[in-house]
Amino acid sequence: MRISTQQFFQFNVNSMQQHAASVSKTQAQLSSGLKLLMPADDPNGATRILGLEQRLATLEQYDRNTTQLENNLRTEEAAVEQIHSVLDNARERLVQINNGPHTQAEHKTFGGELAQMRDQLRSLGNTQNANGEFMFAGTATDTQPFTRDAGSGYQYQGNQQTRDIPVAAGRTIAYGDSGFDLFVDIFTGNQGVTASADTANSGDGVIGYVGETSPGSYFGDHLRVVFNTPPDTYDLVDVATVTTLSAGVSFTPGDTININGASATLDGAPAAGDKFDFQSSQRQNLLTTFDALVSELQTADSVGVTRLHNAINRGLENVDAALEQSIAVRSRVGTRLESLDAVRDANQSFEISYQATLSEIRD
């Protein structure tokens, strides 16, 4: 078969073009340090590279999330530690006040100190992070969580929801805790029971320890101990039904009173007609607890020291419950930070592995 001059010429041109393209590709590979410049160079490798780049981009987003989350949790941790410190100081002060006696001026001074602690707690409850978000408002981060209304007192304006931030494949970590957990989800009293002395009592009976005889044993909604004449016996009355459950129960100051699965110590000498109420524990805003204590201290000399002691004993129970709550929240924050460190280490390992594989395919 004879090859024409034109065919021979075209063959040489094509060969030169292919050689030039090969040289150009080699030069591009040398200058870039990559052997895969276009998907056509290695379609399978190009697909793998795309998948690896997507995974690396996801890891970069996880890294940004973990950085933001750590900053937020560190801010929360610092705030909760300060809340715990304020509560601890308040408890010490309440014990000191209860050990009295103190003058009217001292009571007012103590009341002023507790008012400052209350305001400090409210400020901490309204802590904002670096982005200006309210830390303890749940997911309502643009809403100031703790406000005070002249008529209804301190109110929580946030919600109980938490924002979960993705930090790894199939793994999220909560962005923080709500103010409901720290300040509102606190039950009055002790072990499911709360007690109070009637403000009209004229004796010097003071309720000390109060609690269930065993977990969940208290039954009854609102029970009342009423001292008879003479006050060496009392009746136990169901307030809702106005039914006397026990009548003429003998009493000596310092005795333990048993109330339908709960017990309480009653020191001092109650007067005839004095009343002491027992109810199931209810949630009470921590700021409301401090407000009540401040009010009692400011009026202690007009209402009497016995009423003050009863108020402080109940306040101490509430502060103790708040201290336990702050410890629980701080523990949760610490657990999240530990988890975050572990997740970050794992993500970094994945990144190193993906980068190495990417280099093998490209280089």
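The sequence shown begins at 352 in my numbering and counts up one residue at a time. C-beta: ideal position from N, C-alpha, C; glycine also.
Backbone secondary structure at residue i - three-state DSSP
i, result
"R658", "helix"
"A491", "coil"
"N698", "helix"
"A516", "The sequence shown places Ile at residue 516, rather than the Ala named in the question. Three-state DSSP puts I516 in a strand."
"E563", "strand"
"H573", "strand"
"G476", "helix"
"D555", "coil"
"A598", "strand"
"N449", "helix"
"Q380", "Summary for Q380: the model assigns pLDDT 47, below 50, so the residue's position carries little reliability, and this model does not support an answer."
"V590", "coil"
"T584", "strand"
"A620", "coil"
Inter-residue spacing [alpha-carbon to alpha-carbon] between residue i and residue j
i, j, result
"G489", "L644", "28 Å"
"N698", "L472", "38 Å"
"T594", "V588", "6 Å"
"Q649", "R499", "20 Å"
"A525", "D515", "4 Å"
"R406", "D696", "16 Å"
"L709", "A520", "20 Å"
"T296", "N609", "Because the chain here runs from 352 to 714, residue 296 falls outside it and cannot be looked at."
"Q542", "L596", "22 Å"
"N480", "Q447", "36 Å"
"V694", "S614", "49 Å"
"A456", "A429", "35 Å"
"M468", "A441", "7 Å"
"N449", "I663", "7 Å"
"P496", "A598", "48 Å"
"T575", "D625", "Before going further, note that residue 575 is Arg rather than Thr in the sequence given. Answer to the nearest angstrom: the Cα atoms are 10 Å apart."
"Y505", "S704", "53 Å"
"D470", "R665", "20 Å"
"T460", "G612", "39 Å"
"L617", "F578", "12 Å"
"I434", "T454", "29 Å"
Residue closest to residue i, alpha-carbon to alpha-carbon, out of the options
i, options, result
"G738", "R469, G462, F570 and T550", "Summary: the structure shown does not reach residue 738, with the chain confined to residues 352 through 714, and so no result is reported for it."
"Q512", "D532, A673, I712 and L691", "D532"
"S529", "V518, G476, Y505 and G504", "G476"
"G685", "E404, I400 and N423", "N423"
"I678", "V437, G402 and L638", "V437"
"G562", "T539, T580, S553 and P582", "T539"
"Q676", "Q412, L401, V431 and Q630", "V431"
"G554", "R634, P621 and S632", "P621"
"L691", "T409, A408 and N416", "N416"
"A501", "V670, N661, E702 and T639", "T639"
"G462", "G451, L445 and G605", "L445"
Opposing strand residues paired with residue i [DSSP bridges]
i, result
"I524", "I516"
"S614", "G562 and N609"
"Q506", "T498"
"K626", "V577"
"T545", "Q630"
"F538", "R634"
"F641", "DSSP, once it has assigned bridges, lists no residue as partnering F641."
"F485", "Q479"
Exposure label - residue i; buried when at least 16 CB within 10 Å
i, result
"S700", "exposed"
"R425", "exposed"
"I558", "buried"
"A707", "exposed"
"T492", "buried"
"H458", "buried"
"V374", "Note on V374: pLDDT 45, under 50, position unreliable in the model; no value is reported."
"F570", "exposed"
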